[in-house]
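Inspection log for the structure reproduced underneath, given as structure tokens.
Numbering (UniProt numbering), first residue to last: 1 to 208.
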């Protein structure tokens, strides 16, 4: 498996990563999957040379992170790049994002919420630090938080050693420019395939 450096960080990523939204199970996937099969899938991905595991609290209300954490117990921590996210919550209010089953998900990127999220993610994953920490969806009214405030707390978490790299998902070019104006942005996550190449236009240009 080919690997590449992540920008100016000291993190090296496999060209392919393993996404674990489906592994989280839940109403979005018509129920939970066999947990051992999910863990074995993560272990097999590592055996094949994939070191990047992507998860998020919003993947079935933290269940994906719990399963990833169980797999991490069987792997050398330094050989895995754990990527998880913040900004989608269910235990506190925010701007309505989505309904999953009989529960609501909200967008909240306030500094206080992010600090609570990173603490909960570390506990579910059973690790001391997160390699890549991403804002999952960007803040919108009525619970709007300026990107400057979000970046400030992410930079603080990085300085504290709780996260190693800062990322943003589901962003446009203006979002990216504002992140870079106020601090660091090591990576973005966006749709990109042979069928969807919109990323080659504005978002990519903003990162150059």
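Glycine is no exception: its CB is placed at the ideal position from the N, C-alpha and C atoms. In this text the structure is predicted, and so the values were computed from the model without any measurement.
Alpha-carbon to alpha-carbon, residue j and residue i
i	j	result
residue 149	residue 193	32 Å
residue 26	residue 76	29 Å
residue 1	residue 9	20 Å
residue 121	residue 57	7 Å
residue 21	residue 14	19 Å
residue 130	residue 82	6 Å
residue 79	residue 124	19 Å
residue 180	residue 170	16 Å
residue 74	residue 142	43 Å
residue 43	residue 84	18 Å
residue 62	residue 195	31 Å
residue 135	residue 49	26 Å
residue 86	residue 7	21 Å
residue 178	residue 147	7 Å
residue 166	residue 89	19 Å
residue 35	residue 46	17 Å
residue 112	residue 105	17 Å
residue 172	residue 64	27 Å
residue 72	residue 29	23 Å
residue 168	residue 176	8 Å
residue 151	residue 137	14 Å
Burial state of residue i (16 or more Cβ within 10 Å)
i	result
residue 159	exposed
residue 189	buried
residue 60	buried
residue 12	exposed
residue 128	exposed
residue 37	exposed
residue 96	exposed
residue 201	exposed
residue 4	exposed
residue 93	exposed
residue 107	buried
residue 69	buried
residue 24	buried
residue 54	buried
residue 174	exposed
Close-in-space but distant-in-sequence residues of the same chain around residue i (CB under 7 Å, 5 per side omitted)
i	result
residue 115	153
residue 66	124
residue 161	129
Cβ-based neighbour list, residue i, same chain, cut-off 8 Å, excluding 5 preceding and 5 following
i	result
residue 157	114, 115, 118, 133, 163
Local conformation of residue i per DSSP, three classes
i	result
residue 69	helix
residue 89	strand
residue 167	strand
residue 4	strand
residue 113	helix
residue 123	helix
Cβ neighbours of residue i in the same chain (closer than 6 Å, five flanking residues each side left out)
i	result
residue 199	190, 192
residue 145	109, 110, 139
residue 52	13, 14, 17, 81
residue 101	27
9 Å Cβ cutoff, residue i in contact with chain D
i	result
residue 176	Protein chain content of the structure displayed is limited to a single chain, and chain D is not contained in it.
beta-carbon residue i near the ligand PLP non-hydrogen atom, thresh 8 Å
i	result
residue 108	Among the ligands in the structure shown, none appear at all, so the ligand PLP cannot be discussed.
Can you give, in chain order, each stretch of the beta strand (DSSP E) that sits fully within the region 140-193 and has at least 3 residues?
163-169, 187-189
If you scan the region 15-81 from start to end, which runs of the beta strand (DSSP E) of 3 or more residues do you find wholly inside it?
17-19, 52-54
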